[in-house]
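The sequence shown begins at 3 in the numbering used here and counts up one residue at a time. Each residue gets a CB set at the ideal place from its N, CA and C atoms; glycine is no exception. Remember, predicted model here, so these are calculated numbers, not experimental data. The next block holds one structure in the form of structure tokens; read it before the comments.
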Amino acid sequence: MSGIVVSAEGPSVGGRAVRATREWGPALVVLALVLGTWEGAIVAFHVQQFLLPKPSDIASSFWIERHTLWPAGWYTFKEALGGFVIGSALGVVAATVVGRFKTVGTALMPIFIAASSLAPMIASRSSVGARFAGPPRRK
3 MSGIVVSAEG PSVGGRAVRA TREWGPALVV LALVLGTWEG AIVAFHVQQF
53 LLPKPSDIAS SFWIERHTLW PAGWYTFKEA LGGFVIGSAL GVVAATVVGR
103 FKTVGTALMP IFIAASSLAP MIASRSSVGA RFAGPPRRK
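Shown next, in the form of structure tokens:
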């Protein structure tokens with residue numbers, strides 16, 4: 003018989019708090035330092051508000067506009083979740099077909115590879131285009 007004593011009780015509440023502080027404490031300290039440095043740098047270097055707002059201004063805007071942002075965020079989450087479910091289901095079906103029928107897999111593999119390389123290009127097009135296209139043109 004071993005000398006290990008097993009207790010029927012789980013970890014104490016105080017033990018959980020100490021463990022949670024040990025796990026999350028460093029990350030929270032770094033977060034506070036980053037936000038404080040950001041806020042201080044905006045004030046110290048006189049950065050204009052439209053270029054880089056202060057974290058406190060961002061937080062207050064989120065709080066003031068919460069009645070608009072929460073429904074929009076919920077709608078976006080539902081759309082993203084629906085796209086994830088549809089994409090996952092199509093991926094499972096495609097993988098099953100490719101795994102079952104080797105000739106179909108050999109024929110469709112170049113299309114799958116091309117499709118997987120197009121998604122990042124399409125996603126980055128809007129941000130790259132907006133950054134480097136210059137001012138919008140008027141008709």
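Would you mind sorting I113 into buried or exposed? The rule is 16 or more other CB atoms within 10 Å of its CB.
Burial state of I113 is exposed, judged by a 10 Å Cβ sphere holding fewer than 16 other Cβ atoms.
Counting only runs that start and end within the stretch 42-114, where is the alpha helix (DSSP H) found for 4 or more residues in a row?
If we require 4 residues or more, the alpha helix (DSSP H) runs fully inside the stretch 42-114 come out as 57-66 and 68-102.
Contact belief for P57 with L37 at Cβ below 8 angstroms, rounded distance in angstroms:
Sure, about 5 angstroms apart at Cβ, within 8 angstroms.
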